[in-house]
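Numbering (full-length UniProt numbering), first residue to last: 1 to 288.
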């Protein structure tokens with residue numbers, strides 16, 4: 001039986017991975033890394049092996065990775081030095097004799113033409129894993145449908161959708177389904193240096209999102225695609241900080257350029273069912 005360490009254990013993705021693993025694995029075969037003492041206690045009460053630590057603290061990583069054969073590295077946020085944090089986990093896994101490493105990357109069409117440079121760190125992490133000599137599975141996850149309320153704003157049913165994404169499409173997936181499929185792979189697959197693209201069964205534009213929100217809410221929701229400079233001015237005038245505006249614009253331009261539109265059946269295969277479609281997903285994330 002594998003001894004699996006799940007990093008980022010208290011995030012939404014990590015939580016669902018753990019819940020899915022517990023359906024068929026003994027709790028004692030799951031280790032978790034968390035930053036919070038109260039979370040550590042909760043995990044231990046369920047029978048898991050829990051460790052306080054973070055990616056920037058190599059000593060804590062060494063304790064958590066001791067006697068583990070498989071590590072799930074859930075990608076770090078972009079607040080710190082993400083690449084160094086990822087390298088710390090990978091290097092420690094290698095040092096401690098871990099056999100297998102899995103990483104939550106992103107399903108993007110072409111790393112060489114990305115506008116959002118933060119996303120290139122996913123590909124750099126993939127390369128570092130491949131160079132490590134560890135057996136790996138890379139999960140290239142589609143953009144989460146769960147983020148759509150953040151993209152379109154609180155007043156979407158009054159003001160509609162305003163983005164500089166043109167007719168670009170995204171193969172959205174619910175985060176919970178991504179996590180469930182990841183756990184299924186961790187439990188059942190041998191690590192043979194695979195890269196899996198976990199996407200929805202279809203790709204959708206903001207025009208599609210607007211149409212479905214109109215249908216579900218009974219309120220007319222329109223999508224207006226605007227030029228980048230106009231969009232920036234509107235966001236800044238509304239008090240959105242400039243760094244956040246740049247990040248939103250970069251996401252949208254990658255969508256416009258087709259970076260997020262790849263569709264595969266690999267998520268469906270590991271879920272054992274079709275992923276939730278746009279209509280059913282929007283019902284969930286907008287509580288409609």
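Glycine included, C-beta positions come from ideal geometry on N, C-alpha and C.
When the distance is taken between beta carbons, is residue 139 closer than 8 Å to residue 165?
-> The residue given as residue 165 occupies position 165 in the chain shown. The residue given as residue 139 occupies position 139 in the chain shown. Contact: no.
Contacting residues, own chain, Cβ-Cβ under 6 Å from residue 43 (five flanking each side not counted) | By 1-based counting over the chain shown, the position of residue 43 is 43. Once the five neighbours on either side are set aside, the close Cβ partners of residue 43 are 32, 50.
Delimiting residues of the beta strand (DSSP E) encompassing residue 106 = For the purposes of this step, residue 106 is taken as the residue at position 106 of the chain shown. Run containing residue 106: 100–106, per the beta strand (DSSP E) assignment.
Can you tell me the Cβ-Cβ gap for residue 89 and residue 7, rounded? I've got them flagged as a contact below 8 Å.
-> Position 89 of the chain shown, counted from the start, is the residue given in the question as residue 89. Position 7 of the chain shown, counted from the start, is the residue given in the question as residue 7. 7 Å between Cβ atoms; contact.
So, do the stretch 229–240 and the stretch 157–173 have three or more beta carbon pairs nearer to each other than 8 Å?
-> yes
Just how far apart, CA to CA, sit residue 173 and residue 158?
-> Within the chain shown, the letter at position 173 stands for residue 173. Within the chain shown, the letter at position 158 stands for residue 158. Looking at the two C-alpha atoms, the distance is approximately 26 Å.
Indicate the three-state DSSP secondary structure (helix, strand or coil) for residue 206 in the structure shown.
-> Residue mapping note: residue 206 aligns to position 206 of the chain shown, counting from 1. In the three-state reduction of the DSSP assignment, residue 206 falls in the helix class, which pools H, G and I.
Complete beta strand (DSSP E) runs within the stretch 86–164 (minimum length 3 residues, chain order) | Every beta strand (DSSP E) of 3 residues or more that sits fully in the stretch 86–164 is shown, in chain order, as 100–106, 135–141, 161–163.
On a CA-only basis, which of 268, 227, 3 is nearest residue 249? Give me that one, please.
-> Within the chain shown, numbered from 1, the residue matching residue 249 stands at position 249. For residue 249, the nearest C-alpha among the options comes from 227.
Proximity to residue 152 [Cα-Cα], best of 184, 120, 99, 222 = Within the chain shown, residue 152 is the residue found at index 152, counting from 1. Here the closest residue by C-alpha is 222.
Quick one: what does DSSP say residue 67 is sitting in, helix, strand or coil?
-> In the chain shown, the residue the question calls residue 67 occupies position 67. In the structure shown, residue 67 sits in coil (DSSP, three-state: anything other than H, G, I, E or B).
Cα-Cα, which of 64, 236, 74, 107 is closest to residue 196?
-> In the chain shown, the residue the question calls residue 196 occupies position 196. Residue 196 has its Cα closest to that of 107, out of 64, 236, 74, 107.
Take the Cβ of residue 266 as the centre, count every other Cβ of all protein chains shown within 10 Å, and call the residue buried at 16 or more, exposed below.
-> Within the chain shown, residue 266 is the residue found at index 266, counting from 1. So residue 266 counts as buried.
Span of the beta strand (DSSP E), counted from its first residue to its last, around residue 195 = Counting from 1 along the chain shown, the entry for residue 195 is found at position 195. Start and end: 194–198.
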